[in-house]
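Residue numbers (the UniProt record's numbering): 1 to 283.
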């Protein structure tokens, strides 16, 4: 019985062996790309379009903000409101670490450096510098003149030939392009770098050309005269008091010199005249 079962198992194995030698049929097939439903793909396209529109708008705003101050290849920086710089007045500002003087000349606004190239390490600035008829600014300490439009040197130490010979002209006066509109005053900084800092106003007011400025951070002091207030000064009451005091002092001086015979009147004959008059009266 056991022998018969072994023979049947061997027969089954032999009959199945040719099928096992065959290569098995491929089970895995090529994966097809996933195609989302129409509703999902439509939502994705809308989201991408909206994101692209937002990025374009943001990029356009940034470009407009950057190009707002650009014109003719220059970057214009607003420094002061136009209403804060009336004609005839001057302003000293600090922009990007540079001290700049804004001034009017014949209804035209100029922006120059607030330092004379003719001065040494110590410079009093050009806030009170004089202007010439040909559009030049005069250094208050050396009398050197510079063109307001180009910064060229017109005269170099004109009153000191020794220093003119010993001190060569090193550089011109720095001049900044300036323009105005209905609201602000703009200047163009050199170097092409965009300026993001605000200008700091150092001096604001009417300058006094010809007077040396020791400190530009000054306030104008105005004198108010009250005619009703009686104090020190040339008033009628004060003049009467001063006149009486002078007469009393002069009489006391004469009495002292008459009694002592010494003083300013000695040797002038005035004392002798007084003595003779007094003796004539007593006799």
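All C-beta atoms in this analysis are idealised placements derived from N, C-alpha and C, irrespective of residue type, glycine included.
- Message: Just to check my reading of the structure: residue 187 and residue 77 have Cβ atoms closer than 8 angstroms, yes? What is that Cβ distance to the nearest angstrom?
- Response: So it is a contact: roughly 6 angstroms between Cβ atoms.
Check: Identify the residues that DSSP records as bridge partners of residue 112: which are they?
Finding: In the DSSP secondary-structure assignment, residue 112 is bridged to 101, 175.
TODO: Please go through the same chain and pick out, in chain order, the residues whose beta-carbon is closer than 8 angstroms to the beta-carbon of residue 197, but skip the five residues on each side of it.
DONE: Residue confidence for residue 197 is low, a pLDDT of 48 falling below 50, so the modelled location carries little weight; the figure read from the coordinates is stated next. Answer for residue 197: 95, 96, listed in chain order.
- Query: Thinking C-beta only, is residue 126 closer than 8 angstroms to residue 102?
  - Reply: It is not a contact, given that the beta carbons lie outside the stated cut-off.
Query raised in the report: What separation, rounded to the nearest whole angstrom, lies between the Cα atoms of residue 104 and residue 149?
Result: If you draw a straight line from the Cα of residue 104 to the Cα of residue 149, it comes to about 12 angstroms.
* Does DSSP put residue 78 in a helix, in a strand, or in coil? -> Three-state DSSP puts residue 78 in a strand.
_From 277, 275, 181, residue whose alpha carbon lies closest to that of residue 81_ = Nearest option by C-alpha distance: 181.
### Boundaries (first-last residue) of the alpha helix (DSSP H) holding residue 257
In the DSSP assignment, residue 257 falls within the unbroken alpha helix (DSSP H) covering 236-260.
*Tell me whether the beta-carbon of residue 176 lies closer than 8 angstroms to the beta-carbon of residue 111.*
Yes, these two residues count as a Cβ contact at 8 angstroms.
Spatial neighbours of residue 115 within its chain, please: C-beta separation below 8 angstroms, excluding the five flanking residues on both sides. 99, 123, 125, 126.
* To do: Just the C-alpha distance for residue 109 and residue 120, rounded to the nearest angstrom, thanks.
  => Note on geometry: alpha-carbon atoms of residue 109 and residue 120 lie some 27 angstroms from one another.
Practice problem: Tell me residue 136's beta-bridge partners as DSSP assigns them. | Solution: Looking at the DSSP assignment, residue 136 forms a beta bridge with 147.
**OP:** Compute the Euclidean distance between the alpha carbons of residue 73 and residue 179, then round it to the nearest angstrom.
**Re:** Straight-line Cα distance between these residues: approximately 14 angstroms.
Just verifying my parser: in three-state terms, what is the DSSP assignment at residue 123?
It is coil, neither helix nor strand.
* In angstroms, rounded to a whole number, what distance separates the CA positions of residue 66 and residue 75? -> Residue placement at residue 66 is flagged as unreliable, the pLDDT there being 43, under the threshold of 50; a coordinate-derived value is accordingly withheld.
Point to revise | Distance, residue 257 Cα to residue 275 Cα | key: Answer to the nearest angstrom: the Cα atoms are 12 angstroms apart.
message = Less than 8 angstroms between the beta carbons of residue 294 and residue 151, yes or no?
response = Only positions 1 to 283 of the chain appear in the structure, and residue 294 is not among them; the question remains open.
In whole angstroms, what separates the C-alpha of residue 244 from that of residue 161? Computed Cα separation, rounded: 59 angstroms.
Practice problem: Below 7 angstroms CB to CB, which residues in the same chain sit around residue 159 once its five sequence neighbours on both sides are set aside? | Solution: Within the same chain, residue 159 has close Cβ partners 143.
Strand pairing of residue 95, partner residues [DSSP]:
Answer is 98, bridged to residue 95.
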